[in-house]
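Residue numbers (my numbering): 1176 to 1603.
Here the structure comes first, spelled out in structure tokens, and everything after it is commentary.
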Amino acid sequence: MSIRVRFAPSPTGFLHLGSARTALFNWLYAKHVGGTFVLRVEDTDLVRSKKEFLDDILNDLKWMGLEWDEGPFFQSDNFGLYKEKAQNILDKGLAYKEGEAIIFKVEKGRVISINDLVHGKITVNTDQIKDQVLIKSDGSPAYNFACVVDDANLKITHIIRGDDHISNTPKQIMFYEALGIEVPEFAHIPLMMGQDGAKLSKRHGGVAVSEYRRDGFLPEALNNYLLLLGWQPQGDREVISMSEAAKEFEISKINNTQVKFDIDKLKWLNGEYIRSKDFKDIYPYFIKELEKNNIDPQTIDEEKLKKIIELYRVRIKVFSEFLDLADFFFKDDYSVDEKGRRKHLDKEENKENLKLALNELEGIDDFSHEKIEEVYRALADKNNLKPANIIHPTRMAISGKTKGAGLFEVMELLGKETVIKRIEKTLN
RNA sequence: GUCCCCAUCGUCUAGCCAGGUCUAGGACAUCGGAUUUUCGAUCCGACGGCAGGGGUUCAAAUCCCCUUGGGGACGCCA
């Protein structure tokens, strides 16, 4: 029997990070066993379900590379089926009507056990469970019932979902039994919490996958991080591609403890990927970053731009940090570190040293970083200065920053004209 | 309140199921050092944990119980 798993989002909001993690685990398991990953849309709430939310969710899943093999299937297409199945249960005398609604009668005093693939055996006494609505008064199905009917209909063999569904499981098992359908395997993965231990919500910021996409995270990094939250590859590896992960992914190895989302580790991983990926794969992200900041990439010499990116890719963890460091390459009204200015430019000696440098710079025909460095070091030597005494003021004057890529490379890329112009402006 | 899940450094984890090789290993973060014109990257190092209490056992992070703590569910929401 082939293994089939599903991800079943409700299009009543954006794709939540926690849901994305659930989707990822389902996807990985499907890949691991060569099974089928089904996408089902739980849109029984006709009022709150919106096409835009669905589009966003689908786009986010695609961005993460979590392509589905079948679907999307829509629950709103199956209202007839739910009613039919509920009628079957009613006919068997296992349910009763209350107005237009069909209510499942829960047999009391029974112990239902779940052989959870993550948690092991979980038992619940049905005394804890009230009678369950199958079909609501308005004719729409209740969540737990629609879920069971569809999972059965789609021949789902393994249900991998969040821990918050544990309490739904015994109810659903009763429905499977009432319908005379084989109960699938269940795997409940522990929930992801915010740094403060509270449920990850809008309050924490950054709970939507789309925000990470927008802020310059790589899908590889997000996947990798989400995977590490609850699952560990063999050995001491941390950085792992999803295809590698799929090879050794086992549900039984998923941790059963709740986890806290840690943005720092995600950023670290993102930096790892930015540094290690092929240039051609990260280049578009930098272009996007320029466009986002109203800088037309077409106006920049491509070779120059590539060199700039090479200089800065190792200094950022998220693409959105790029222009914080490198804006001065693309515009004259770049941001200026005021504290740095006071330290490296405002003093009289800073200006003297800068003047010295300016005089030399004007005479350089071959404005290469090697040549500039040679001139700077010789100049420092001649005037009994440390190179840093000229370097820091220059960096401040031409970039407005106290930190960044190697000064001489920066000067070469900026070009003689701009460098001189900015230094002159600083001295006046 | 009732029921359910969970408990190793601040965080994610290895070890737990099959008790000894654990004076508990790794990663992020933090702090120091090396390197560098600065930042970053890199390399070295430090800090830091088996929630508490009872058992069982020659031996417990590992097995059992209790307490405490955290989380979830108790909707004609999904």
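Built from N, CA and C at the ideal position, the CB exists for glycine as well.
Since this is a predicted model, take the numbers as computed values, not measurements.
Residues in its own chain within less than 7 Å of residue i by CB, not counting five upstream and five downstream?
| i | result |
| --- | --- |
| residue 1440 | 1400 |
| residue 1340 | 1363 |
| residue 1260 | 1324 and 1354 |
| residue 1493 | 1390, 1391, 1392, 1442 and 1445 |
| residue 1528 | 1560, 1564, 1565 and 1568 |
| residue 1365 | 1338, 1405, 1430, 1431, 1432, 1433 and 1434 |
| residue 1249 | 1216 and 1218 |
| residue 1584 | 1486 and 1544 |
| residue 1344 | 1289 and 1361 |
| residue 1457 | 1449 and 1488 |
| residue 1460 | 1391 and 1494 |
| residue 1276 | 1308, 1310, 1311 and 1312 |
| residue 1482 | 1588 |
| residue 1367 | 1192, 1193, 1196, 1375, 1404, 1434 and 1436 |
What is the C-beta distance between residue i and residue j, in whole angstroms, given that I count them as a contact (C-beta under 8 Å)?
| i | j | result |
| --- | --- | --- |
| residue 1445 | residue 1375 | Between residue 1375 and residue 1445 the Cβ distance is about 19 Å, and since that is not below 8 Å, they are no contact. |
| residue 1245 | residue 1213 | 5 Å |
| residue 1331 | residue 1181 | 5 Å |
| residue 1597 | residue 1572 | 6 Å |
| residue 1385 | residue 1235 | 6 Å |
| residue 1570 | residue 1582 | 5 Å |
| residue 1356 | residue 1396 | Rounded, the Cβ-Cβ distance is 40 Å, inconsistent with contact. |
| residue 1500 | residue 1579 | 6 Å |
| residue 1382 | residue 1192 | 5 Å |
| residue 1423 | residue 1409 | 6 Å |
| residue 1283 | residue 1266 | Between residue 1266 and residue 1283 the Cβ distance is about 22 Å, and since that is not below 8 Å, they are no contact. |
With a threshold of 16 other CB atoms inside 10 Å of the CB of residue i, please say whether the residue is buried or exposed.
| i | result |
| --- | --- |
| residue 1271 | exposed |
| residue 1404 | buried |
| residue 1319 | buried |
| residue 1219 | buried |
| residue 1398 | buried |
| residue 1298 | exposed |
| residue 1177 | exposed |
| residue 1469 | exposed |
| residue 1285 | exposed |
| residue 1179 | buried |
| residue 1576 | buried |
| residue 1373 | exposed |
| residue 1194 | buried |
| residue 1253 | buried |
| residue 1540 | exposed |
| residue 1346 | buried |
Which residues in the same chain have their Cβ closer than 8 Å to the Cβ of residue i, if we skip the five residues on either side of it in sequence?
| i | result |
| --- | --- |
| residue 1317 | 1307, 1308, 1309, 1310 and 1311 |
| residue 1369 | 1375, 1376, 1378, 1379, 1435 and 1436 |
| residue 1228 | 1186, 1187, 1188 and 1189 |
| residue 1278 | 1270, 1271, 1272, 1306, 1307, 1308 and 1309 |
| residue 1533 | 1595, 1598, 1599 and 1602 |
| residue 1427 | 1292 and 1293 |
| residue 1296 | 1288, 1289 and 1290 |
With DSSP as the reference, identify every bridge partner of residue i, one or two as the case may be.
| i | result |
| --- | --- |
| residue 1204 | Paired residues: none, contrary to the question. |
| residue 1288 | 1298 |
| residue 1271 | 1278 |
| residue 1214 | 1182 |
| residue 1307 | 1279 |
| residue 1316 | 1310 |
| residue 1249 | 1216 |
| residue 1349 | Residue 1349 is not bridged to any residue. |
| residue 1335 | 1362 |
| residue 1567 | DSSP output for residue 1567 lists no bridge partner at all. |
| residue 1435 | 1368 |
| residue 1383 | 1191 |
| residue 1608 | The question about residue 1608 has no answer, for the chain in this structure spans 1176 to 1603. |
If I measure Cβ to Cβ from residue i and keep anything under 6 Å in the same chain, skipping five residues before and after, which residues do I get?
| i | result |
| --- | --- |
| residue 1574 | 1503 |
| residue 1447 | 1414 |
| residue 1465 | 1472 |
| residue 1505 | 1470 |
| residue 1607 | The requested residue 1607 is not part of the displayed model; the chain covers only 1176 to 1603. |
| residue 1491 | 1497 |
| residue 1251 | 1218 |
| residue 1264 | 1270 and 1353 |
| residue 1321 | 1219, 1250 and 1257 |
| residue 1535 | 1550 and 1554 |
Stretch-stretch touch, CB-based, cutoff 8 Å, three pairs: the stretch 1331-1342 with the stretch 1192-1204: Three or more pairs of CB atoms, one per stretch, sit closer than 8 Å, so the stretch 1331-1342 contacts the stretch 1192-1204.
Three or more C-beta pairs below 8 Å linking the stretch 1510-1525 and the stretch 1466-1476: no
Contact the stretch 1582-1595 vs the stretch 1531-1544: 3+ CB pairs below 8 Å: yes
Three CB pairs or more closer than 8 Å across the stretch 1449-1462 and the stretch 1416-1434: no
The stretch 1177-1197 touching the stretch 1217-1233, judged by at least three CB pairs closer than 8 Å: yes
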